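Letter by letter, the sequence shown follows residues 15 to 180 in the working numbering. Take a look at the structure set out below.
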Amino acid sequence: MTSPNMVGSYQSGLVPVAGLSIALLMGCGDSSPSKSKARSSAVTVPIISGDELASKVEQSCRPVVVEVGVPMGCFRCNDMRPQYDQLADTFSEEINFFRVDFNASANIASQYGATICPSYVVFSNGEPVACYRYPTSMDLLASKLGESVHAFTSSAPSSSDQEDAL
């Protein structure tokens, strides 16, 4: 049988451990939720169906980039999603950005070469011109999009701009 003094010491030993556990779970950084929200993208990239994709691409007078991924359950998609949102924010005046669910539109995904999620399909003048598959970096994609915007606005795309052409 346990003596009352042993129970008291055991319980008093739990208080610091519980406090430390709470501190670790809460984090000890100085970033507050409002600061992290301020850094997030102001642009909300719409999720469209595979059926909507053709009309969105055809109706656009600007280049279009489509992220083909899944909304939940994919660590790669989860990793790239905020970066894609930031890219959409950066190029919001020059390029239209959309998302298509890889699982719900598997036929559309394979039609454009999006064989792994996430993949990024770039359209210009209603036609697919490139597909970037994971692993890729948003820096590389941003660089290529910058080239595409320049080529699109000058209406003279060079063959070197389309090295990953479909």
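Every residue gets a Cβ at the ideal spot worked out from N, C-alpha and C, and that includes glycine. Remember, predicted model here, so these are calculated numbers, not experimental data.
Assigned secondary structure, residue i (DSSP; H/G/I helix, E/B strand, else coil)
i: F112; result: strand
i: E107; result: coil
i: I228; result: With the chain covering 15 to 180 only, the question about residue 228 has no answer from this structure.
Own chain residues within Cβ distance below 7 Å of residue i, not counting five before or after
i: C88; result: C131
i: V82; result: V114, F116, A123, A128, C131, P132, S133 and V135
i: G140; result: V71 and E72
i: Q97; result: M152
i: M86; result: none
Start-to-end residues for the beta strand (DSSP E) that takes in residue i
i: A144; result: E141 to R147
i: F137; result: S133 to S138
i: S66; result: The sequence given here places Glu at residue 66; Ser does not occur at that position. Where E66 is concerned, there is no enclosing beta strand (DSSP E), although the alpha helix (DSSP H) it sits in stretches over G64 to Q73.
i: V79; result: V78 to G83
Identity of the residue in the options nearest residue i by Cα
i: P60; options: S106, D93 and E72; result: S106
i: Y126; options: L159, N110 and A144; result: A144
i: E108; options: P77, Y146 and L154; result: P77
i: P149; options: N92, P142, E161 and S138; result: N92
i: V84; options: K158, L159 and R95; result: R95
i: P142; options: L101, V79, S157 and G160; result: V79
i: A156; options: A68, L101, S69 and F111; result: L101
6 Å Cβ shell around residue i - same chain, five flanking residues per side excluded
i: N121; result: none
Beta-carbon proximity list for residue i, same chain, < 8 Å, skipping 5 on both sides
i: A118; result: S63 and G64
8 Å Cβ cutoff, residue i in contact with chain C
i: D103; result: No chain C appears in the structure shown, which is made up of a single protein chain.
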